[in-house]
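Encoded as structure tokens, the structure appears first; notes follow it.
Encoded structure:
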């Protein structure tokens, strides 16, 4: 017992112990600050991501317009009173509207007389302005012979100048808009003829090579068609699989294998599903390329695990007493499941489905594999038409060299995020409103 | 007459069958349902099944094999000269015919092709009508049998439930079929690739330039398919991503579970979930447009030479993307450690940080390691960020400031745009896909095994 003789209680007041304690507390503080910093860093990433998107994107919804006094001369367009409406329409469709534009521009800038100057003048307005004028004349033939102030879309360079993305003070060689155009622009601004408006065409038109004419409606419809196919396949198959595995499957090696399989499928990279779609749907089954049908099928295979896992969890949460009661009243096993368990599990199943759909909506890589990356102007009308989808449109625009496409891309991202937030919002609402705790 | 019209006719027939069988079951017992074995609607369901199953089967067979049979017939009907010319390029020939059929293309001048297109069209119409009449008559036969069997003692519900059960089993088989489809298609195309390029060259070759010659006599005719630069690039970007996501994800999981107030948790956790819900194409755009120039300019300022498509930018943004995976999975692992362990440690006088590093994290280690492995598998398989922010040059380097390329980038590059299905160039994408699949699957299974095997059972 010699140890005991030497034993002295720890002297907590000693300098050595105090220093040790201080050291430990300092470490504690550092650790805590590090943890806090990690959370803040993650938050900062989120904020800066959203901030940079919204900063560029909010401008993408706006579009610069130029107000010009256009004379709709009967000489160029033909006189609607002197001919049949059909002949007039036919004539207007053939007329080169550039002549109207050019005369309006040269009226306003009489100093531009050389051919080169006139070509430069035409670059102030968008190439879409011609169709805009043509549509005006077709809609209202009475307009011919009058002079109207028309709000025309500005070209993308002027648009960028108005939004301050092109530095007017830079040296001429360093900017896209030359001094001559800048002079014209300044005159237009001085006369209050340049305005920045909400650009509805961005939401209602298809893709275009010109940033000021490009819209996301085509991609939105493509996404909707794709998701429709995905939903029609993945929802029934997913729910039926979940029902089978949870309620009917015997516990044996085969069902174990299916379970492991589903969990592993959830971790397979999405691009591999794209390869499957390419080899199977396009290669073996010869379905049309770039079609929402193929995209939807591919995404359905991808979202299936998500839906199955969520549905199983939801079905499992329905207490056995419900099943016992139904069985006791004489319902067959199928009736128990389809009349009682599934309706009660439905909120959870729907939540899982919506989350799976939101994933599918944001997915790009598999769609690249099956050719939904084409440049498509038309709005797709059915599931076998060539189409693109919102995230793919974002990818395509992000690759475009024009400066103006940056804000279009960000604006399209904002639309995509809005859809995702809406879908997740519905999912959360469903969960909170209908989820039952037994 | 189109395929969807056949489908709608079948559905209509099924509805008719449902209504008739239901009515008939009621009439058989004069409205006294107690005498029926099953509910009236079960007779209806049974009849509808009898119509739909054979009818849809015929339609499916037509959709799957109809076109290829007709194509075979048309090709065989062509003069021998053309058949010889296109001997090993049948798809090209078929495309020519199809173009004429679909667009009434006026550019086609070959009389034989035009005749073949005509023949194709008429055969297709005939096939369509045959499919329609066959499936409709099968449906009608089904309807007839079902109505005939509608008797009071017929066990309609049991039969219908057996059909339903088969449907349930069929759906769950689809999940397996998907896996088999992935493995099958990847393996099949990869084997065709490895028939041209030896496996060793692919796995250990140091040079990746997947150009195949259009003509045999072209300079540099044989592409080289050494995938090591791609593996190295993938590895580097995943490593960079984990260097960002690992510490931040783990530390924020620790902070949120151990230190944060309920209010802060309520704000921070959904915020992390938003980070997980942002589509990857958005991250790619962010990386290419905001982070990459930022890094390049910072590098310039510091005197470093950072490429505008550096591995660093792509890896950093990918790290941001996988923070939520690491943090939520680590969160689960840490929360699963019983409270008693924590309380015991604190009661012995350990500070919270000592408790965390010496008790909680070791106890949760299998879960945390699993989380990291799953995050790595995510990073390896991630496509859009690297496609948009990392480069295309296969660059065997250890310098994160240079541009590198990854497996997924190359798959996208090889398969977007026009392609012929049987060149080594396209097939190599499937070989890369196979490697990707094997690696991610392996990481995933390994992660789950670690979690299962080393999990301490505390209860």
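Residue numbers (the numbering used here), protein chains in the order written: chain L, -13 to 424; chain C, 2 to 460.
Glycine included, every Cβ here is placed at the ideal spot set by N, Cα and C.
Scanning L/44, L/388, L/263 and L/182 for the CA closest to the CA of residue 283 of chain L turns up L/263. Chain C places no beta carbon closer than 7 Å to that of residue 339 of chain L, leaving this residue out of the contacts. Ranking L/423, L/380 and L/272 by CA distance to the CA of residue 67 of chain C puts L/272 first. Secondary structure of residue 47 of chain L (DSSP, three-state): coil.
Per the C-alpha coordinates, the member of L/78, L/47 and L/51 positioned closest to residue 60 of chain L is L/78. Separation of residue 403 of chain C and residue 414 of chain L (C-alpha to C-alpha, rounded to the nearest whole angstrom) is 43 Å. Beta-bridge partners assigned by DSSP to residue 140 of chain L: L/111. Counting only runs of 4 or more residues that sit fully inside the stretch 223 to 257 of chain C, the alpha helix (DSSP H) segments are 229 to 255, in chain order. Residues of the stretch 185 to 196 of chain C with a C-beta atom less than 9 Å from some C-beta of chain L are 185, 186, 187, 189 and 190, listed in chain order. When the alpha-carbon of residue 155 of chain C is set against those of C/40, C/298, C/365 and C/9, the nearest one is in C/40. Across the structure, residue 328 of chain C and residue 230 of chain C are spaced so that their CA atoms are roughly 31 Å apart. The alpha-carbon of residue 416 of chain L is positioned some 8 Å away from that of residue 336 of chain L. No residue range can be given for residue 159 of chain L, since it is assigned to no alpha helix (DSSP H) and is classified by DSSP as neither H nor E. DSSP places residue 330 of chain C in the uninterrupted alpha helix (DSSP H) bounded by 312 to 336.
Fully enclosed alpha helix (DSSP H) runs of no fewer than 4 residues occupy 362 to 382, 385 to 390 and 408 to 416 of the stretch 362 to 424 of chain C, in order along the chain. Chain-order list of chain L residues neighbouring residue 162 of chain C: 318 and 320, by C-beta distance under 7 Å.
Look at residue 38 of chain L: its C-beta is under 7 Å from a C-beta on chain C. Residue 354 of chain C: member of the alpha helix (DSSP H) spanning 353 to 356, first to last residue.
For the pair residue 172 of chain L and residue 138 of chain L, the Cα-to-Cα distance works out to about 17 Å.
Contact check for residue 313 of chain C against residue 372 of chain C fails: the beta carbons are separated by 7 Å or more. Annotation for residue 82 of chain L: no alpha helix (DSSP H) segment contains it, and DSSP assigns it neither H nor E.
In this structure, residue 118 of chain C lies near residue 101 of chain C, with their beta-carbon atoms less than 7 Å apart. Contiguous alpha helix (DSSP H) elements confined to the stretch 55 to 95 of chain C occur at 81 to 86, taking only those with 4 or more residues. Taking a Cβ-Cβ cut-off of 8 Å, residue 412 of chain L has no neighbours in chain C, whose nearest Cβ is about 14 Å from it. Between residue 365 of chain L and residue 409 of chain L, the gap from beta carbon to beta carbon reaches 7 Å or more.
DSSP places residue 183 of chain L within a strand segment (E or B) once states are collapsed to three. When Cβ pairs closer than 8 Å are counted between the two stretches, the stretch 383 to 390 of chain L is seen not to touch the stretch 437 to 448 of chain C, the count staying below three. Following the DSSP letters along the chain, one finds residue 419 of chain L inside the alpha helix (DSSP H) bounded by residues 390 to 420. Note on geometry: alpha-carbon atoms of residue 437 of chain C and residue 51 of chain C lie some 45 Å from one another. Taking all protein chains in view, the Cβ of residue 396 of chain C is crowded by 16 or more other Cβ atoms within 10 Å, so the residue is classified as buried. Taking 7 Å as the threshold, the shortest C-beta distance from residue 279 of chain L to chain C does not fall below it. Under a criterion of Cβ atoms nearer than 9 Å, the residues of chain C adjacent to residue 13 of chain L are, in order, 352, 354 and 355.
By the neighbour-count criterion, in which a residue is buried when 16 or more other Cβ atoms sit within 10 angstroms of its Cβ, residue 176 of chain L is exposed.
Here residue 121 of chain L is not bridged, per DSSP, to any residue.
Near chain L, meaning a CB-to-CB distance below 8 Å, the residues of the stretch 271 to 289 of chain C are 272, 273, 275, 276, 278, 279, 280, 281, 282, 283, 284, 285, 286, 287 and 289.
Within the same chain, 318 come within 7 Å of residue 287 of chain C by CB-CB distance, once the 5 residues on both sides are set aside.
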